[in-house]
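So the sequence shown is numbered by the numbering used here: it starts at 1 and just counts up by one.
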Amino acid sequence: MGMKKKLCDLCDYVVQTKQKTNKFQIMKTFIFTFILSVFVVSMVTAQKDDKRKVAAGAVAVPTEGIVYSLPQTGIRVHIKATRERFVHGPFQMYAQKMLGIENVPATDADRWNMDEIKLEVFSEPDAEQVRKAMGPAAQMVSLTESGIIAGINMAVKSHEVEIQTQSFLTKNLDKQVKFTDLSIWSFYSPADSTKKFKLVSKNQEQKAAEAAETIFNLRNSRFALLTNADDEPLPDGKSFEVMTKELGKMEENYLALFIGKSAKEKYEFSFEFVPGEKTVKGEVFFRFNDDRGVLPKSDLSGRPIVIEVNKIENLASKQSGLSTSENPNAGKSGVYYRMPGMAEVRIMDGGTQLAGARLSIAQFGTTAPIPEDLLDGAYKLEFHTSSGAVKSILKTEGSTEETKSDKK
């Protein structure tokens, strides 16, 4: 019995020991899991804190870089033109017989004339000069709304770009040249017994004869007024001026019944062209038709108006010779600027030159990297957004603010 009791006590002890061991293992697992959770939460919190610090102004170097473009130059032409709408007179065929006026136009016509041509330049991103700023320079780049580089380490004001719309709408001028006053007399002959007292319309020649008679009467009245043929006291200066002016207008209105009349309207048109990197010869800019006016180059009813852009080669070659660098790190940051070239631009109508100018063309020049020692944050760089040339290089605040160079 005694031995049996001891065996039972030993078994109970072993069971209790195993239970305590299992509880201890469970406790260790729980503690380890808890510590691991706290560590993970701490790491996440630390990362968020780091992001807040970066947002608050801590230096963080982008690894992917910032994509930007250098600008290219386009040429825009503004044309002011006048359209003249002519309508022949209803009594045109009697002009020579009744008034002695020869060669009177017998058909209606539109006549256009180009009055003025002006050239200007504009800029847009160059698809051949899309680059990426890397390293510390990437966090200092300022861009325009279209992605053109505008500055380094400085805020640059953006300017609203005006949209240029090409419109080919014309006005209807027929109302301005419509004949409404054909005579001061009735269009019917007086009724009598020979016509059985019926109203008979006057024919075209009779109407023309009455209009011609009215013209001569107006001329005689104006002549008598100007020469004071009746020896009557003349009206005061203003009244005299109004009377002679109105007599002249009446004569013009009746004379238009024979020689026709016209109305004029002015229009403005704009066209754009972006040259490549080489001289351009014979490029159709737009078209012009004397009867239909200014037309897009796709309308083959007009004669071609061409543009010539002649690149000045000696300037470009000298720029290219000085743009190379012996520094192996040149261009490492990926920030480039342009040295624009020059061109002679001419607008030609066949062998006749309509307009011309010497213009700065960005893509006719050379590109070069900004020196790396100017991209360490100690300098502020501003670019001409129209050409990509360097506008100014200034030291940042805290040092004497002076211009280091001005590369154009």
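Quick reminder that beta carbons are idealized off the backbone N, C-alpha and C, glycines included.
Below 8 Å CB to CB, which residues in the same chain sit around residue i once its five sequence neighbours on both sides are set aside?
i, result
"leucine 218", "Leu247, Met250, Glu251, Tyr254"
"isoleucine 312", "Gly341, Met342, Ala343, Glu344, Phe364"
"alanine 55", "For alanine 55, the predicted model reports a pLDDT of 44, less than 50, meaning its position is unreliable; a value from the coordinates is still stated below. There are no such residues."
"threonine 244", "Arg222, Leu225, Leu226"
"glycine 276", "Gln363"
"valine 274", "Gln72, Thr73, Gly74, Ile75, Glu124"
"leucine 354", "Met114, Ile117, Ile305, Ile347, Met348"
"aspartate 376", "Pro136"
Please state whether DSSP places residue i in a helix, a strand or coil.
i, result
"lysine 278", "coil"
"glutamate 313", "helix"
"serine 392", "strand"
"threonine 144", "coil"
"threonine 82", "strand"
"lysine 373", "One detail in the question is off: residue 373 reads as aspartate in this sequence, not lysine. Aspartate 373 falls in the helix class under three-state DSSP."
"glycine 321", "helix"
"serine 298", "coil"
"methionine 243", "helix"
"glycine 135", "helix"
"lysine 261", "strand"
"threonine 107", "coil"
"glutamate 205", "helix"
"lysine 266", "strand"
"isoleucine 117", "strand"
"alanine 155", "coil"
"threonine 214", "helix"
"alanine 256", "helix"
"arginine 338", "strand"
"lysine 380", "strand"
"glutamate 271", "The sequence shown places phenylalanine at residue 271, not glutamate. Correct three-state label for phenylalanine 271: strand."
By Cβ distance, which residues of its chain are closer than 6 Å to residue i, with the 5 residues on each side in sequence left out?
i, result
"leucine 70", "Asp126, Gln129, Arg338, Gly388"
"valine 104", "Gln92, Ala95, Ile259"
"glycine 334", "Arg131, Lys132, Ala133, Met134"
"glutamine 284", "Residue 284 is actually valine in this sequence, not glutamine. Closer than 6 Å at Cβ, skipping near neighbours: Lys297, Pro304, Val306."
"leucine 359", "Val121, Ala343, Val345"
"glutamate 272", "Gly74, Arg76"
"glycine 282", "Val306"
"alanine 357", "Leu119, Val345"
"glycine 302", "Arg287, Phe288, Asn289, Leu295"
Beta-carbon within less than 7 Å of residue i's beta-carbon, same chain only, minus the 5 sequence neighbours each way: which residues are those?
i, result
"valine 141", "Ile66, Tyr68, Ala133, Ile149, Ile152"
"valine 294", "Ile79, Ala81, Phe269, Phe286, Phe288"
"alanine 378", "Lys395, Thr396"
"threonine 324", "none"
"alanine 58", "At alanine 58, the pLDDT of 44 sits below 50, so the modelled position is not reliable and the matter cannot be decided from this model."
"isoleucine 101", "Ala95, Phe258, Ile259"
"alanine 316", "Gly341, Phe364, Gly365, Thr366"
"threonine 385", "Pro71, Ser123, Thr144, Ile148, Ala150"
"alanine 368", "Ser323, Tyr336, Tyr337, Met339"
"threonine 165", "none"
"threonine 107", "His88"
Is residue i buried or exposed, if buried means 16 or more other CB atoms sit within 10 Å of its CB?
i, result
"isoleucine 361", "buried"
"arginine 83", "buried"
"lysine 207", "buried"
"phenylalanine 223", "exposed"
"alanine 138", "buried"
"glutamate 120", "exposed"
"proline 328", "exposed"
"valine 390", "buried"
"isoleucine 163", "exposed"
"glycine 350", "exposed"
"lysine 266", "exposed"
"phenylalanine 240", "exposed"
"glycine 380", "Looking at the sequence shown, residue 380 is not glycine but lysine. It counts as buried."
"glycine 321", "exposed"
"glutamate 410", "Residue 410 falls outside the range modelled here, since the chain spans only 1 to 408, and no answer is possible."
"threonine 352", "exposed"
"threonine 214", "buried"
"leucine 374", "buried"
Taking C-alpha atoms, which residue in the options lies nearest to residue i?
i, options, result
"lysine 318", "Thr366, Asn203, Leu226", "Thr366"
"lysine 97", "Asp290, Ala316, Ala212", "Ala212"
"threonine 279", "Val309, Pro304, Ile305, Ile75", "Val309"
"isoleucine 117", "Ile393, Lys261, Arg346", "Arg346"
"histidine 88", "Thr165, Lys157, Lys238, Ser262", "Ser262"
"glutamate 205", "Ser146, Leu354, Leu99", "Leu99"
"alanine 330", "Gln353, Thr352, Glu372", "Glu372"
"arginine 85", "Ala368, Ala109, Glu64", "Ala109"
"tryptophan 112", "Asp291, Ser167, Thr214", "Asp291"
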